[in-house]
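K.L.:
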Amino acid sequence: MGGPVVVHAVQKRVIKNVVGVVVLDVVEGSAMEALVSMTRFLTSRPARFNSYEQAIQWSIQSDTLRNTESARLSIPALLEHDKDNKLKWITDLSMTQSYWSEWFTGLSEKFLNSGTAKLLILAGTDRLDKPLIIGQMQGKFQLEIFPDAGHFLQEDTPMKTANCLVEFYKRNPRLISEHSPEAIKSYEIKNFFGRKVAIDASMSIYQFMIAVRQQDGQVLQNEEGETTSHLMGMFYRTVRMVDNGIKPVYVFDGKPPTLKSGELAKRKARKEEAQEKMEEANEIGTAADVTRYTKRTVKVTSEHNNECKRLLKAMGIPYVEAPCEAEAQCAELARGGKVYAAASEDMDTLTFKAPILLRHLTFSEARKMPIDEVNLEKALAGMGLDMDQEHKTIDEAIKHLSQRLKDGIPKEWNYADARELFTKPEVTPASEIEASAINEDRIRKGCEKLAKNLKQATQTRVQDFFKTIPSTTPKKKREAEAAPKKGTTSKRGRKK
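Take 1067 as the starting number for the sequence shown in the numbering used here and just add one per residue.
Encoded structure:
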């Protein structure tokens, strides 16, 4: 139960100068559902033990812990002798029951808004609730899943947990502010008036598909039953930026890098698993279960992308179709001077050499988050990274590491191709791209017209305003193909 306490303390600034928050296997949604079983667990566990060994064996046999060696170190520290010389728990967790609801209610939002770098490690499987799903897609926190660990994952897999924490510290964006305070500056959105900014459209659309929904959790739809959440989200986000004088340039993904095929296969498997759980939840689960698993099956199609392109064109907003990853193309536009910065929640954008990265730009106005501007040149200078300077090349650095590591470098670590992915990404050179000037007059008139219609219409008419083309789902396509066309001849020779 330490996770909620830490999150509350950081969020309320009880602990000062925090550069990172790590939560181990605690998610608001599943935690709230598990509070009833927590009471049963606490009342069923032994109150006293005759020996440390008995307590250790209980922890293993009850599956509380899975690592006997770890249990021998941690369990004795949780016990003390009573007046009868028996061992009892030092902390009576049942005494905290009156605080549970307050601790866990709103935990996900507090975690996301803690104002520092964040890492969430889950045991077993992905159990993200809605705020965390959206937050993950926005790059607000790092997620790691340990499939073979139990709830006390730091006990079951201590080395894996330790390595994960070390890597988190190394990747922590606060590390930049700690070593290069001049590299990160926070501004209000009005400070970027007149700036052109490249935005990953594909990531934005995915966020809208998850977040823009009706009160019952269903996506927004038009009269034909087609999803329009992505259109509503794209429209309002763009209007907010333009209204603040920012000139967005959206970049759409092309084909995925070959190197990511393994990761894409894993994502597909997770979606298929979520689909199965969603169907099961529809039969025997709660509404919350259905909503949670439905969001994990979200898929952005080429049709969704094309609809957003048509909307942007109608609004007078320029967009670019990247040959490969949109993130790399955004960085290329910034390097080539076509835009002032690349906007993303993912610090990895800097690895594509984006000179300026804007974080929190795409947050809703209600979030009131300042926009962080990260300067790559200042960050590198302040952090003093010297591996490449010392060994000159990655290959030489690998040789050096191989000598220090007991088992050497893993053979499956394809660092050469990974290096190519970042040093020579497949992008269209900025010099070949002419992002047409944004016609603010046209945008404002279009926005006024759309806003007027939005106020006057019901939800159905709102979606109909976008004039989305009926989807050719397999069922509709088969029906269309089966229907005889006008002017064709039937088997009996008569005209239809």
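Built from N, CA and C at the ideal position, the CB exists for glycine as well.
1. Touch check for the region 1229-1236 and the region 1377-1385: three-plus C-beta pairs under 8 angstroms?
2. Can you say whether Q1395 is buried or exposed, counting buried as having 16 or more other CB atoms within 10 angstroms of its CB?
3. Looking at the structure shown, is T1130 part of a helix, part of a strand, or coil, going by DSSP?
4. If you follow the alpha helix (DSSP H) that W1479 is part of, which residue opens it and which one closes it?
5. Determine the DSSP secondary structure at Y1302, reduced to helix, strand or coil.
6. Could you tell me which of R1079, Q1077, G1069 and M1300 sits nearest to V1088, measuring between CA atoms?
7. Counting only the same chain and skipping the five closest in sequence on each side, list residues whose C-beta sits under 6 angstroms from that of L1159.
8. Where do the ends of the beta strand (DSSP E) carrying P1314 lie?
9. Please classify R1261: does DSSP put it in a helix, a strand, or coil?
10. Excluding the 5 residues flanking F1177 on each side, which residues of the same chain have their C-beta closer than 6 angstroms to its C-beta?
11. What whole-angstrom Cβ distance do S1246 and A1447 have, given they're in contact under 8 angstroms?
12. With distances taken from CA atoms, which of I1187, E1254 and G1450 is nearest N1229?
13. Under 8 angstroms, with one C-beta from each stretch per pair, do the region 1390-1410 and the region 1490-1500 reach the 3-pair mark?
14. Kindly indicate which three-state DSSP category S1096 falls into: helix, strand or coil?
15. Of all the options A1249, S1128 and I1200, which has the alpha carbon lying nearest to the alpha carbon of F1218?
16. Going by the CB atoms, is the gap between V1305 and I1265 shorter than 9 angstroms?
17. With distance defined between alpha-carbon atoms, name the residue in P1421, Q1120 and K1184 nearest to A1137.
18. Using a Cβ-Cβ cut-off of 7 angstroms (strictly less than) and excluding sequence neighbours within five positions of K1321, which residues of its own chain qualify?
19. Please report the distance separating the alpha-carbon of I1115 from that of T1130.
20. Roughly how far, in whole angstroms, is the beta-carbon of W1155 from the beta-carbon of L1139, given that I think they are within contact range, below 8 angstroms?
21. Just the Cα atoms here: how many angstroms apart are Q1163 and T1105?
22. With DSSP as the reference, label S1246 as helix, strand or coil.
23. Could you tell me which whole alpha helix (DSSP H) segments of length 4 or greater appear in the region 1110-1179?
24. Taking L1185 as part of the alpha helix (DSSP H), name the residues at either end of that continuous run.
25. Please determine, among E1411, T1459, K1458 and T1417, the residue with the shortest C-alpha to C-alpha distance to I1437.
26. Taking all protein chains shown into account, decide if D1222 is buried (16 or more other Cβ within 10 angstroms of its Cβ) or exposed.
27. My assumption, with CB atoms under 8 angstroms, is that L1185 sits in contact with E1210. Please give the rounded CB distance.
28. With DSSP collapsed to three states, give me the class of T1293.
29. Less than 7 angstroms between C-beta atoms, sequence neighbours within five positions excluded: which residues of the same chain meet that for K1226?
30. Specify the secondary structure class of A1388 as computed by DSSP and reduced to three states.
31. Roughly how far, in whole angstroms, is the beta-carbon of L1423 from the beta-carbon of V1440, given that I think they are within contact range, below 8 angstroms?
32. Report the partner residues of S1252 according to the DSSP bridge assignment.
P.N.:
This is what the structure holds:
1. no
2. The residue given as residue 1395 occupies position 329 in the sequence shown. So Q1395 counts as buried.
3. Here residue 1130 refers to the residue found at position 64 when the sequence shown is read from its first residue. Correct three-state label for T1130: coil.
4. The residue you call residue 1479 lines up with position 413 of the sequence shown. Note, W1479: premise wrong, no alpha helix (DSSP H); not H, not E.
5. Taking the sequence shown and counting its residues from 1, the one referred to as residue 1302 is at position 236. The answer is helix: DSSP assigns Y1302 an H, G or I state.
6. For the purposes of this step, residue 1088 is taken as residue 22 along the sequence shown, with counting starting at 1. The residue with the shortest Cα to Cα distance from V1088 is G1069.
7. The residue labelled residue 1159 in the question sits at position 93 within the sequence shown. So the list reads L1108, once near-sequence residues are dropped.
8. Reading the sequence shown from its first residue, position 248 is the one you call residue 1314. Looking at the DSSP string, the run of the beta strand (DSSP E) that includes P1314 is K1313 to F1318.
9. Position 195 of the sequence shown holds residue 1261. If DSSP states are grouped into helix, strand and coil, R1261 belongs with coil.
10. Taking the sequence shown and counting its residues from 1, one reaches residue 1177 at position 111. Excluding residues within five positions, the ones whose Cβ falls inside 6 angstroms are V1073.
11. As a first step, residue 1246 must be located in the sequence shown, where it is residue number 180. As a first step, residue 1447 must be located in the sequence shown, where it is residue number 381. At roughly 7 angstroms, the Cβ-Cβ gap stays under 8 angstroms, so S1246 and A1447 are in contact.
12. Taking the sequence shown and counting its residues from 1, the one referred to as residue 1229 is at position 163. When only C-alpha atoms are compared, the closest one is I1187.
13. Remark: three or more beta-carbon pairs, one from each stretch, lie closer than 8 angstroms, so the region 1390-1410 and the region 1490-1500 are flagged as touching.
14. For the purposes of this step, residue 1096 is taken as residue 30 along the sequence shown, with counting starting at 1. Looking at S1096 - three-state DSSP - the assignment turns out to be helix.
15. What you label residue 1218 is simply residue 152 of the sequence shown in a count that begins at 1. Nearest C-alpha to F1218: S1128.
16. Residue mapping note: residue 1265 aligns to position 199 of the sequence shown, counting from 1. Residue mapping note: residue 1305 aligns to position 239 of the sequence shown, counting from 1. With respect to V1305, I1265 sits apart: the two C-beta atoms are not nearer than 9 angstroms.
17. Taking the sequence shown and counting its residues from 1, the one referred to as residue 1137 is at position 71. Closest option to A1137, Cα to Cα, is Q1120.
18. On the sequence shown, residue 1321 is found 255 positions in, with the first residue counted as 1. Cβ neighbours of K1321 beyond the five flanking positions: C1390.
19. Position 49 of the sequence shown holds residue 1115. Position 64 of the sequence shown holds residue 1130. As written in the sequence, residue 1115 is Phe, which differs from the Ile given in the question. Taking the straight line joining both Cα atoms gives about 16 angstroms.
20. Translated into positions along the sequence shown, residue 1155 becomes position 89. Translated into positions along the sequence shown, residue 1139 becomes position 73. Actually they are not in contact, since the Cβ atoms of W1155 and L1139 sit about 17 angstroms apart, beyond 8 angstroms.
21. On the sequence shown, position 97 is the one that residue 1163 refers to. On the sequence shown, position 39 is the one that residue 1105 refers to. Distance between the alpha carbons of Q1163 and T1105 is about 8 angstroms.
22. Within the sequence shown, the letter at position 180 stands for residue 1246. The answer is coil: DSSP assigns S1246 none of H, G, I, E or B.
23. Given a length threshold of 4 residues, each whole run of the alpha helix (DSSP H) inside the region 1110-1179 is given here in chain order: 1118-1127, 1134-1140, 1166-1170 and 1173-1178.
24. Counted from its first residue, the sequence shown places residue 1185 at position 119. Note, L1185: premise wrong, no alpha helix (DSSP H); beta strand (DSSP E) at A1183 to A1189.
25. Walking along the sequence shown from the start, residue 1437 turns up at place 371. Among E1411, T1459, K1458 and T1417, the Cα nearest to that of I1437 belongs to E1411.
26. Start at 1 with the first residue of the sequence shown, and residue 1222 comes out as number 156. By the beta-carbon neighbour count (other beta carbons within 10 angstroms, threshold 16), D1222 is buried.
27. Along the sequence shown, read from residue 1 onward, the residue named residue 1185 stands at position 119. Along the sequence shown, read from residue 1 onward, the residue named residue 1210 stands at position 144. Contact flag correct, Cβ pair sits at about 7 angstroms.
28. For the purposes of this step, residue 1293 is taken as residue 227 along the sequence shown, with counting starting at 1. Correct three-state label for T1293: strand.
29. As a working mapping, residue 1226 is identified with position 160 in the sequence shown. Leaving aside the five residues that flank K1226 on each side, the residues in its chain whose CB is nearer than 7 angstroms to its CB run, in chain order, F1212.
30. The count along the sequence shown starts at 1 and reaches residue 1388 at position 322. Residue state, collapsed to three classes: coil.
31. Numbered from 1 along the sequence shown, position 357 holds the residue referred to as residue 1423. Numbered from 1 along the sequence shown, position 374 holds the residue referred to as residue 1440. 4 angstroms between Cβ atoms; contact.
32. For the purposes of this step, residue 1252 is taken as the residue at position 186 of the sequence shown. Paired residue(s): D1438.
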